[in-house]
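Chains H and A supply the protein sequences, listed in that same order. Per my numbering, residue 240 is the first one in the first sequence, and the count goes up by one each step. Per my numbering, residue 4 is the first one in the second sequence, and the count goes up by one each step. Note that the Cβ used here is the ideal one computed from N, Cα and C, for glycine as well. Structure, as structure tokens:
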Amino acid sequence: GAVVSQHPSRVICKSGTSVKIECRSLDFQATTMFWYRQFPKKSLMLMATSNEGSKATYEQGVEKDKFLINHASLTLSTLTVTSAHPEDSSFYICSASHGNEQFFGPGTRLTVL
Amino acid sequence: AQSVTQLDSHVSVSEGTPVLLRCNYSSSYSPSLFWYVQHPNKGLQLLLKYTSAATLVKGINGFEAEFKKSETSFHLTKPSAHMSDAAEYFCVVSVKTSYDKVIFGPGTSLSVIP
Chain H
240 GAVVSQHPSR VICKSGTSVK IECRSLDFQA TTMFWYRQFP KKSLMLMATS NEGSKATYEQ
300 GVEKDKFLIN HASLTLSTLT VTSAHPEDSS FYICSASHGN EQFFGPGTRL TVL
Chain A
4 AQSVTQLDSH VSVSEGTPVL LRCNYSSSYS PSLFWYVQHP NKGLQLLLKY TSAATLVKGI
64 NGFEAEFKKS ETSFHLTKPS AHMSDAAEYF CVVSVKTSYD KVIFGPGTSL SVIP
């Protein structure tokens with residue numbers, strides 16, 4: 240099946256720094272990718288829809304200047320958490336559309352000190 | 004608008020007994036429906052999916068789900084629970100309009116008692 244990778248799998252950073260998370264579709268092209276955030280023992284919350292070659296569509300309540308999304312190619316979308324704070328600590332998961340199915344990355348655990 | 008409701012936040016069953024995890028959805032379009040499982044500190048694994056073909060869908064590990072349009076439901080079942088089934092289960096609705104839209108349910112935590 241289709242494979243989606245995320246890098247890094249785990250990152251620890253200091254408050255005020257920016258962190259970039261990459262999401263790659265390894266064996267297919269994805270015009271649409273999604274970014275989710277998952278809090279402990281909670282469901283996945285859709286943050287934004289990333290469209291190749293155009294601006295991302297953000298869900299209500301998600302700060303677009305805080306969570307920068309770039310989808311520069313058909314196999315790569317990046318999420319940059321700018322000026323990270325401890326409350327941004329979470330598990331971030333991406334997915335990519337292929338056919339009528341979503342394929343999920345393994346997730347990135349962000350810890351902001 | 005699309006939404007997904009999982010009626011039980013937590014379900015506990017004894018090993019060897021049937022499992023029922025309930026899911027109801029709301030969608031203005033013909034949806035695709037999925038069940039995913041997430042084990043502790045692990046990624047998401049697709050159990051099964053409905054995409055407008057057969058309404059009774061069989062998945063991995065003995066799970067199956069039935070799409071009932073009249074009840075807007077897509078409940079997940081398994082005849083006999085195994086200890087390894089203990090995990091978090093998510094019902095997901097996906098619609099394709101001008102762009103893809105994927106919505107996760109709140110999840111149901113399944114415990115299996117030996």
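Going along the chain, which residues of its own chain have a beta-carbon closer than 7 Å to the beta-carbon of Ser30/A, five neighbours each way excluded?
Correct list, in chain order: Gln5, Val96 and Val98.
Starting from Leu50/A, follow the beta strand (DSSP E) in both directions and report where the run begins and ends.
Looking at the DSSP string, the run of the beta strand (DSSP E) that includes Leu50/A is Leu47 to Tyr53.
Thr319/H and Val243/H - do their beta-carbons sit closer together than 8 Å?
Cβ distance not < 8 Å, so Val243/H and Thr319/H don't count as in contact.
For Phe177/A, go through chain H and note every residue whose CB falls closer than 9 Å to its CB, in chain order.
Past the edges of chain A, shown from 4 to 117, lies residue 177/A, and the structure says nothing about it.
Name the residue from Ser33/A, Val22/A, Ser12/A and Ser55/A whose alpha carbon lies nearest to the alpha carbon of Val115/A.
When each option's Cα is compared against that of Val115/A, the closest is Val22/A.
With 16 as the cutoff for other CB atoms within 10 Å, does Gln341/H come out buried or exposed?
Looking at its Cβ environment, which holds 16 or more other Cβ atoms inside 10 Å, Gln341/H is buried.
To the nearest whole angstrom, what separates the beta carbons of Asp327/H and Leu349/H, a pair I think is in contact under 8 Å?
The pair is a contact, with the Cβ atoms about 7 Å apart (cut-off 8 Å).
By a C-beta neighbour count over all protein chains shown, 10 Å radius and 16 as the cutoff for buried, is Pro279/H buried or exposed?
Burial call: exposed.
What did DSSP end up calling Asn64/A once you bin it into helix, strand or coil?
In this structure, Asn64/A counts as helix in the three-state DSSP scheme.
Whole angstroms is fine: what's the gap from Cys252/H's alpha carbon to Ile332/H's?
C-alpha separation (whole angstroms): 18 Å.
Pull up the CB-CB distance for Phe273/H and Thr288/H, whole angstroms please, since I reckon it's below 8 Å.
At roughly 6 Å, the Cβ-Cβ gap stays under 8 Å, so Phe273/H and Thr288/H are in contact.
What does DSSP give as the partner residue(s) for His85/A in the beta ladder?
The partner list for His85/A (beta bridge, DSSP) is empty, contrary to what the question assumes.
Who are the neighbours of Ser282/H on chain A, taking C-beta pairs under 7 Å?
Simply Phe93, Phe107, Gly108, Pro109 and Gly110.
On the DSSP bridge list, what partners appear for Thr262/H?
The identity of residue 262/H in the sequence shown is Cys, whereas the question assumes Thr. According to DSSP, Cys262/H bridges with Gln245/H and Ser316/H.
Compare the Cα-Cα distances from Asp88/A to each of Gln9/A, Ser15/A, Thr8/A and Leu10/A and report the closest residue.
Looking at the Cα atoms, Ser15/A is the closest of the given residues.
When you compare the stretch 24-44 of chain A with the stretch 76-88 of chain A, are there three or more beta-carbon pairs, one atom per stretch, that lie closer than 8 Å?
Yes: at least three Cβ pairs fall under 8 Å.
Is the separation between the beta-carbon of Phe66/A and that of Leu51/A shorter than 8 Å?
It is a contact, given that the beta carbons lie within the stated cut-off.
Counting only C-beta atoms, is Lys52/A closer than 8 Å to chain H at any point?
Closer than 8 Å: yes.
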